[in-house]
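The sequence shown begins at 19 in our numbering and counts up one residue at a time.
The beta-carbon is built from N, C-alpha and C at its ideal position, and this holds for glycine as well.
Take a look at the structure set out below.
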Amino acid sequence: MAQQEVREGWRTGFGFILAAAGSAIGLGNIWRFPYITGQHGGAAFVLIYLLCVALIGLPVMLCEISLGRHTGRNPVGAFRKLNPSSCLLAHLFGAGIALCGVMALLMKSWGWGGLLLLIGVLIFKYRWTLVGVMGVVAGFVILSFYSVVAGWTIGYVFKAATGQLAFETMEAANASFVGFIGHPGWAILCHFLFMALCVVIVCRGIRGGIEKVSKLLMPVLLGLILMLIVRGLTLPEAREGVRYYLSPDFSKITPQCILQALGLAFFSLSLGMGAMITYGSYVSKGQNLFKSTLAIVGLDVLIAFLAGLAIFPAVFALGFKPDVGAGLAFVALPAVFNQMPQGLLWAFVFFLLLLVAALTSGISLLEVVVAYWVDERGWTRKKATLVFGGCIFALGCLCAASVMDWTHIQPVQRALTTMFGRTKDSFFDTMEVVSDWMLSLGGLLIALFVGWIWGVRRATNEIRQGSENFADVHLWSVLAGLKDDPSHNSDVHVITLASVWGVFVRFICPVAIVIAFLNTIGWLELKGPETIPEPEPAAIELEAETEAP
Ligand code: PHE
Numbered sequence: 019m020a021q022q023e024v025r026e027g028w029r030t031g032f033g034f035i036l037a038a039a040g041s042a043i044g045l046g047n048i049w050r051f052p053y054i055t056g057q058h059g060g061a062a063f064v065l066i067y068l069l070c071v072a073l074i075g076l077p078v079m080l081c082e083i084s085l086g087r088h089t090g091r092n093p094v095g096a097f098r099k100l101n102p103s104s105c106l107l108a109h110l111f112g113a114g115i116a117l118c119g120v121m122a123l124l125m126k127s128w129g130w131g132g133l134l135l136l137i138g139v140l141i142f143k144y145r146w147t148l149v150g151v152m153g154v155v156a157g158f159v160i161l162s163f164y165s166v167v168a169g170w171t172i173g174y175v176f177k178a179a180t181g182q183l184a185f186e187t188m189e190a191a192n193a194s195f196v197g198f199i200g201h202p203g204w205a206i207l208c209h210f211l212f213m214a215l216c217v218v219i220v221c222r223g224i225r226g227g228i229e230k231v232s233k234l235l236m237p238v239l240l241g242l243i244l245m246l247i248v249r250g251l252t253l254p255e256a257r258e259g260v261r262y263y264l265s266p267d268f269s270k271i272t273p274q275c276i277l278q279a280l281g282l283a284f285f286s287l288s289l290g291m292g293a294m295i296t297y298g299s300y301v302s303k304g305q306n307l308f309k310s311t312l313a314i315v316g317l318d319v320l321i322a323f324l325a326g327l328a329i330f331p332a333v334f335a336l337g338f339k340p341d342v343g344a345g346l347a348f349v350a351l352p353a354v355f356n357q358m359p360q361g362l363l364w365a366f367v368f369f370l371l372l373l374v375a376a377l378t379s380g381i382s383l384l385e386v387v388v389a390y391w392v393d394e395r396g397w398t399r400k401k402a403t404l405v406f407g408g409c410i411f412a413l414g415c416l417c418a419a420s421v422m423d424w425t426h427i428q429p430v431q432r433a434l435t436t437m438f439g440r441t442k443d444s445f446f447d448t449m450e451v452v453s454d455w456m457l458s459l460g461g462l463l464i465a466l467f468v469g470w471i472w473g474v475r476r477a478t479n480e481i482r483q484g485s486e487n488f489a490d491v492h493l494w495s496v497l498a499g500l501k502d503d504p505s506h507n508s509d510v511h512v513i514t515l516a517s518v519w520g521v522f523v524r525f526i527c528p529v530a531i532v533i534a535f536l537n538t539i540g541w542l543e544l545k546g547p548e549t550i551p552e553p554e555p556a557a558i559e560l561e562a563e564t565e566a567p
């Protein structure tokens, strides 16, 4: 039953922008973006990433925020409020999935069969509300592994502070990293600390918790990253790293890396699971949603870009290779910092930066789950935060105990294998892959819902409130600065920001996401004219060791 009390909202529009940017800026920007850029040859990948963010991420984010503000609810409540009483598309979709389930059952694939049948029936019954439910479930799944990685950053901040990160070689750094994440006790303790921080902040609510912390931590984050950039750029030989990062080599671009850039853009902008619907639901009607979206996306891109600028010059200046993969932050960088004067201080600054970024994202993931129980089930915020913070902690313990293999939780592996067949390398990997699927699917469904079901017209009417230029001024007049000139501002506008946005939401975004989605689930393998160069032998060893010690 929906609760009808007045909901809390952001104190200021700026507070919302900082909190939403805090959600977007996280491990995706500072950990994943630089290492994926490193693997794909630098600047050209950065350009592709920027295009994905601008052409796909931005329109979808505007969908989410406007859905949130219009309904003033969590993702489930938002879709429930706008759910059409009957929807042919949803019924066809539900029937199709249920049919796939029956076929799987006939082929004796009990786990997949049962799951698909259940989902099909649920789609038939609840239609689009299920997109919101998927968002809440995704919040659960993502935070369970996200907080494990965030926990490592707490461990590394501590290690840097106590002088335990002085590695002479990358092999030593790798051995230490593998030892650390492979020790369930440490990993779980750090994961607990991170979850506890998230719970305390979310418990304090929107203004007193999330907004306050974001206003405090976002400037800290910017300060820390600027310190690292100044340090990196003033090293001798830093120029090579800057050149690698800033001069594009388009021969390195393959379809594969375009799709990876799109996936990364989704993850990094916190799209596809309703985090922005939830944050948008606390925004006041007067706020300019279009400009806010631009600011959030701009800040997210800026920080990802600056993270690269902080990391690559230092990596090159000290003679390391940029393409070591996922171990870049936790393995290569400690070794890089160790060769600088006051290396431990810089390692401390870097891991603190990573922790701050992860924290403002972690609270947004928890808030999605909490908002659902508060809005729809009438729970108090404190109870919802404690109960679900605890549940996510428990699920995260499974991830923490099985980052590299299933040794510590073999019964879980047996159960999953019996139900779904082959399992991934570890529970941690499984959760990461499940969340990738959920974000792509969620993003697609949100764009389809706004474009075709709720409708661009109604969405535009929502965005119009507070954004005068969005739908009522010709796009060229806006861009040319002539929006106040009556002769350029007639009553009939063919091209406005709103009309361009509508075309993206209805056609371009869904098609692009379907392609990326099919690629994520492995049904579409695009091959480029050139294959990505094999990583250096050292990098292979490093990855192999990290995955299977
Ligand atoms: N955007 C966050 C990051 O870059 C991760 C995230 C994904 C947060 C989805 C919320 C929702 O790290």
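Take F163, set aside five residues on each side of it, and the residues of its chain with a beta-carbon closer than 8 Å to its own are G414, C417, F446, M449, E450 and S453, in chain order.
In terms of side-chain proximity, the C-beta atom of A534 is found no nearer than 6 Å to any non-hydrogen atom of ligand 1.
For G75, the shortest C-beta to heavy atom distance toward ligand 1 is 6 Å or greater. Exclusion of the five residues before and after A516 leaves T478, F488 and A489 as the residues of its chain whose Cβ lies within less than 6 Å of its Cβ. Taking the C-beta atoms as reference points, I83 is found nearer than 7 Å to M294. Residue state for A37 is assigned as helix, using DSSP reduced to three classes. Here DSSP, grouped into helix, strand and coil, assigns D318 to helix.
Exclusion of the five residues before and after V387 leaves V154, G157, F158 and F406 as the residues of its chain whose Cβ lies within less than 7 Å of its Cβ.
Its Cα nearest to that of V175, the residue L362 stands out among L362, V64 and P340. By the C-beta density criterion, M125 is exposed, having fewer than 16 other C-beta atoms within 10 angstroms.
Note that the stretch 526 to 536 touches the stretch 274 to 286; at least 3 beta-carbon pairs, one per stretch, sit closer than 8 Å. Under the DSSP assignment, N479 falls in the alpha helix (DSSP H) whose first and last residues are V474 to R482.
For secondary structure counted as the alpha helix (DSSP H) over 4 or more consecutive residues, the stretch 349 to 397 holds these complete runs in sequence order: 350 to 356 and 361 to 395. Beyond the five residues adjoining it in sequence on each side, G119 comes within less than 8 Å, by CB distance, of W130, G131, G132, L133, L134, L135, L136, I137 and G138 in the same chain, given in chain order. Between V354 and F195, the beta carbon gap of about 14 Å keeps them out of contact (Cβ cut-off 8 Å).
Taking 6 Å as the cut-off, one finds no heavy atom of ligand 1 near enough to the beta carbon of S127.
By the Cβ rule, the stretch 391 to 404 does not count as touching the stretch 208 to 215, because fewer than three pairs are nearer than 8 Å. A residue is called buried when at least 16 other Cβ atoms come within 10 angstroms of its Cβ; C208 meets this threshold and is buried. CA-CA distance, V248 to V64, rounds to 21 Å. Pairing G469 with A191, the inter-Cα distance amounts to about 49 Å. Taking all protein chains in view, the Cβ of C409 is surrounded by fewer than 16 other Cβ atoms within 10 Å, so the residue is classified as exposed.
Taking C-beta separations shorter than 6 Å and ignoring five residues to either side along the sequence, the partners of A283 in its chain run C70, V71 and G75, following chain order. For A347, there is no enclosing alpha helix (DSSP H), since its DSSP letter is neither H nor E. Cβ contact annotation for F185 (same chain, cutoff 7 Å, sequence separation greater than five): A191, S194, P352, A353 and N356, in chain order. No residue range can be given for H201, since it is assigned to no alpha helix (DSSP H) and is classified by DSSP as neither H nor E.
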